[in-house]
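What follows is a single structure, written as structure tokens, with notes after it.
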Amino acid sequence: MNSKTVDAAKAANLTERTLHLAKSDGGVKNTALEAWDVSFTELCERFMNRPPVHEKDGSYFVRGPFVEGAPVRGDANIAHSSLVVVDCDSRYDPATGSVSEGAPDPQRVHDVLVKEDLSHLLYTTHSHGQAHKGNRYRVLIPLESKDAEEMKGVLNWIFRRLAAEEVYLVNVKENTAWSQPWYFPRLAKEDSEYVCLHHEGHRIPEIEADAEETREPLTLDAVDAQVTEAPPRDSDSIPARYNEAHGQPEQMVSYLQEKGYTLAQVGRENDAPSYRLLCPGSTTGTAGVVLFRCSDGIWRAYSHHGSDPLNENDGQTRAKDAFDLFRILDHKGDGTLACAAYARELDPRPLIRIQAGTIPQVFSTVVSELALRHPPPVYQRGMQLVRVAHSGEEVTDDGIHLPSGTASILPLRHSNLLVTLSEQFRWEKYSKKQGWHPADPPANIISALLDGYGMWGGIPPLKGLSECPLLQKHGSLLSTPGYDPASQLYVEGRVAPITLPEQVSKEEALAALSVLMEPFEEFPFVDESLDRAVVLAYLFTLAVRAVLPTAPMFAVSATTPGTGKGLLVEIANIIVRGRDAALMPPVQGRDSEEEMRKRITSFVSQGFTSINLDNYSRPIGGDSLNALLTTTEWTDRQLGTNNTIRVPVCCTLAATGNNLTVRGDMTRRTLLTQLDAGVEHPERRTFKQKDLVGHVRKNRSKLLTALFTILKGYQQSGCTAFDDERLGRFERWSEMVCHPIQWLELPSPALSQERLRQSDPEAENLAALLTTWHDVHKSAWVTASSLANTPDGNQHSNGIGTTKDYALHDALIDVAGKNRRIENRLLGWYLSRNEGRIADGLRLERKDRRGLQGKHAHEYRVVRAGVDMALPPEGTNGNNH
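Numbering (our numbering), first residue to last: 15 to 895.
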């Protein structure tokens, strides 16, 4: 910027020189003007006086005289300008270009102008200091201009000087409006602040030179007209999508600043802020790049710098939108490259190009990238790649009824993995005609992944599912939905936020117990204290089963249908899991054990967290169920294949039935809750809580809070009083479930097993057999085949056998009978399986015996436990061989 310094005499002449202005005593609607000649010194003296309180509209002045014979306000009627007026009502952030209400501190503006030694008068306006308005003032500088372009040069010079001193004032369009009316000073109210500062300086900018350096080859109106005539971008195109994402003025200013452009000043165009920037390496100091909102609402940058790459003439418009900036400054004007680059940004998936001979590299890339995904799209479990899914509606699968929303773990098949790999990666293949173009994941890669057990690297292992939050060792709840690497569990988290106390006292835990057990108040428990303890154990087990190695089964038995067995299981599951358990109806028929094994394999491999053996009428037992309850890992042949699977067991088992019984080893693997309504038709009872299921769903968060409050309280108590009381094969379960219940001074749920033992049909059959056997043979050794020949009651008429023989025969039929005949093979298996068992004080023993022709056989006897056992067998001299 060129400027000249004048001597004191010339400066004095400037301030004393008459300013030819015009004014009106009416409001802005009164456009009639009268001449007003005043010196700058007189103007300062007038404005220095505190103005009166008055409404905003009123008398005003304009910057120059009216043309002779045309005393009406209008641009064409103003002869020239005697004042430069700077309207100060907003500021901008030089880093982002964002505009805020309220001008910078008026003292700072005054100080900069004093430093530049410019004559000026600064005074606050009617809006100054009002709510949400901030600083509002004007600056008057005595200087003649012949037109708006000349005045623009002076204003640009002034705003650059202010910005250089870190005073960021917005240059508004009113500053160059030729006939703009300016109100005389007035106050909004008596206590309004009024600031008036002035300085008589000795410096005058050279208007012509300054105006020359900032005059634009095209006006912004002309640039805007070009935009209007140019065809708009397709709204679905990459450039249009780029503009939508990056086309806000703050984003564009920031982008230009990153590319070396400097924000010089902020003004207004088209009723929106406009931004003037210096291009990189500018030697003139001219802010020749303008970012403004065009009449179509899109922000564009226009540059008239000859060396600026934005000064590109593409034959349509000189104004460049956000995508044009990206195309020109990042991709040297190549639109194809720019589109491709932003397409990759829109789709950040890793790119995999299919080429011959690269299967190992592609396999490794896919595995490593899948391992980095969060949440993981793929897991490994049981020697398979799997995914987590939810049933959209109630379904029946492999004989198991699943409520809507049940979470499950499903093995990935070819079609599933095809979709997953398509979602997670961009695949391309090459052809001479199309070059690199989109493709589907190759079948050989999918097959390699499915069969790649042992090569899956960091793909996360999935132990199982938790359909409620997890209580961690330090007492906090893990409730964030998704995969938890520490526990290797997928946490559902479908519950309102739960907040636990920092410290839980026993009194608070007991209060929480009352809240948690409230939904079970109207169930007709046979033993109120013990049955409540078993229900509480079921709730706790459902909540912590995912981190337990094993857990017992929970049986609910009733004397009469309609007592509420299934409802009790449903309520417990809704509290903990948010939905009912998966239902498995009874398995019957000759191959029932094989069918049970298949069903177990199905629901364990799918990770079901809760199963209800619903409405069983026969004694529950069998090798498969026994194994399920005491193993941490289920191994079986995968259904429909010859492949073996090994998957963690994380399910809680329940069973319901009328007068339900369990047999054999299930008695020590099961806890029992008994219900007895004491009426003939329990389904006709009335209840205080009409909709128990709805009530529990509504209050689930409250009930879960109570549950975890109890567990946290026991965790913090450090109680070790029950450390010696552990249920065999369920030691960890005893610590995490039984002991908190005993801490609450309820009986141990394990005591309920005694009721099961009393009704165990296998135990009853064994006791009957040993009793009748001892009645007939005392402690003598016999073979299974001789037992099988025991006379039955049909031989009574022939004089064969006794009443004791007939009773023994009936007992043998109960344990090894088929079609009312004693099967030698079944009897041998039964005796071998029950060797050493004690029932009703009698014990079954076995010894080897060498039979005829060197064949081995077994002999058995029944002795009184603790009595006959101390004596050597008859005829053996203490030697069993």
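The C-beta atom is built at its ideal place from N, Cα and C for all residues, glycine as well.
What's the C-alpha gap between residue i and residue j?
i: Y208; j: P156; result: 22 Å
i: A301; j: F173; result: 11 Å
i: K160; j: Y269; result: 38 Å
i: L597; j: E258; result: 52 Å
i: V877; j: G413; result: 46 Å
i: P245; j: L176; result: 40 Å
i: L484; j: K726; result: 11 Å
i: V76; j: K166; result: 17 Å
i: R835; j: V400; result: 50 Å
i: P411; j: Y504; result: The question names Pro, but residue 411 in the sequence shown is Asp. In a straight line, the C-alpha of D411 is about 22 Å away from that of Y504.
i: P263; j: A525; result: 59 Å
i: D322; j: G295; result: 9 Å
i: Q517; j: F722; result: 12 Å
i: H216; j: L57; result: 18 Å
i: E697; j: P575; result: 8 Å
i: S748; j: Q730; result: 17 Å
i: G880; j: W470; result: 58 Å
i: A853; j: L424; result: 46 Å
i: E535; j: F701; result: 10 Å
i: E859; j: P805; result: 23 Å
i: H34; j: S95; result: 8 Å
i: N91; j: D250; result: 50 Å
i: G8; j: P66; result: Because the chain is modelled from 15 through 895, residue 8 falls outside the range shown and cannot be assessed.
i: G496; j: P389; result: 7 Å
i: R358; j: Y256; result: 12 Å
i: K129; j: V123; result: 10 Å
i: L277; j: H134; result: 26 Å
i: C102; j: D51; result: 25 Å
Please state whether the Cβ-Cβ distance between residue i and residue j is less than 7 Å.
i: L556; j: V590; result: yes
i: G635; j: G678; result: yes
i: T817; j: D690; result: no
i: T687; j: V558; result: no
i: L479; j: T623; result: yes
i: M610; j: S638; result: yes
i: E180; j: V126; result: no
i: I460; j: Y356; result: no
i: W441; j: I373; result: no
i: N626; j: A560; result: no
i: D594; j: P417; result: yes
i: V241; j: T331; result: yes
i: I755; j: A523; result: no
Below 8 Å on the Cβ atoms is my guess for residue i versus residue j; work out the distance and round it to an integer in Å.
i: P566; j: R746; result: Incorrect: roughly 12 Å between the Cβ atoms, too far for contact.
i: T666; j: L770; result: At roughly 18 Å, the Cβ-Cβ gap does not stay under 8 Å, so T666 and L770 are not in contact.
i: F198; j: S38; result: About 10 Å; that fails the 8 Å criterion.
i: V120; j: R105; result: Strictly speaking, residue 120 in this sequence is Pro, with Val absent from that position. So it is not a contact: roughly 12 Å between Cβ atoms.
i: P775; j: P633; result: 5 Å
i: S422; j: A403; result: 6 Å
i: R508; j: I588; result: With a Cβ gap of about 12 Å, R508 and I588 do not count as contacting.
The beta strand (DSSP E) that contains residue i, what's its start and end?
i: N626; result: S624 to L627
i: V98; result: S95 to C102
i: P156; result: Y151 to S159
i: A370; result: Looking at the DSSP string, A370 is not in any beta strand (DSSP E), and its letter there is neither H nor E.
i: V400; result: Q398 to H404
i: K443; result: R440 to S445
At what residues does the alpha helix (DSSP H) containing residue i begin and finish?
i: R771; result: Q767 to Q772
i: Y552; result: E542 to V558
i: W192; result: It is not in any alpha helix (DSSP H) - W192 carries neither H nor E in the DSSP assignment.
i: C210; result: Per DSSP, C210 belongs to no alpha helix (DSSP H); it is in the beta strand (DSSP E), C210 to H213.
i: N673; result: Taken as a continuous stretch (DSSP letters only), N673 belongs to no alpha helix (DSSP H), as it is neither H nor E.
i: L718; result: R714 to S731
i: I459; result: A457 to L464
If you pair each beta-carbon of the region 653 to 665 with each one of the region 384 to 398, do three or more pairs fall below 8 Å? yes
Any 3 or more C-beta pairs closer than 8 Å across the region 733 to 742 and the region 704 to 721: no
Answer yes if the region 275 to 282 comes into contact with the region 178 to 186, meaning at least three C-beta pairs across the two stretches below 8 Å, and no otherwise. yes
At least three beta-carbon pairs within less than 8 Å, the region 848 to 856 to the region 774 to 784: yes
Could you tell me whether the region 78 to 96 touches the region 192 to 211, using the rule of 3 or more Cβ pairs below 8 Å? yes
With a cut-off of 8 Å, do at least 3 Cβ pairs link the region 643 to 659 to the region 538 to 554? no
Given 8 Å as the limit, is there contact between the region 135 to 153 and the region 59 to 73, that is, 3 or more CB pairs closer than that? yes
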